[in-house]
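J.:
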Amino acid sequence: PEYATKSFNMDIGQAGKLVSDFWTSYMVGMWVFSFILRFFDLQRIVTVLAALATGAMYLFVSTDNPEHL
Numbered sequence: 001p002e003y004a005t006k007s008f009n010m011d012i013g014q015a016g017k018l019v020s021d022f023w024t025s026y027m028v029g030m031w032v033f034s035f036i037l038r039f040f041d042l043q044r045i046v047t048v049l050a051a052l053a054t055g056a057m058y059l060f061v062s063t064d065n066p067e068h069l
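Heads up: the sequence shown is residues 1 to 69, going by the numbering used here.
In structure tokens:
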């Protein structure tokens with residue numbers, strides 16, 4: 001919470017809620033991902049995510065609009 005109070009000019013209540021929301025989202029994400037792994041192969045998931053990241057990076061570096069950089 002100290003980082004959020006100093007960097008984002010939040011009060012301690014807002015920073016505490018931010019940290020709480022982060023950890024709640026993290027735990028829910030872990031549960032959802034473990035449920036998904038029951039039905040899909042991890043290697044395929046990583047391959048698809050790597051392909052999506054590669055495509056996104058290609059679009060990022062090939063843009064002619066410098067505002068996106």
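C-beta atoms are modelled at their ideal positions from N, C-alpha and C, and glycine is treated no differently.
What are the start and end residues of the alpha helix (DSSP H) that includes residue 30?
T.: Within the sequence shown, numbered from 1, the residue matching residue 30 stands at position 30. That run of the alpha helix (DSSP H) goes 12-37.
J.: Classify residue 7 as helix, strand or coil using the three-state DSSP reduction.
T.: Start at 1 with the first residue of the sequence shown, and residue 7 comes out as number 7. Helix at residue 7.
J.: Can you tell me the Cα-Cα spacing of residue 71 and residue 55, whole angstroms?
T.: As displayed, the chain neither begins before 1 nor continues past 69, which places residue 71 out of reach and without an answer.
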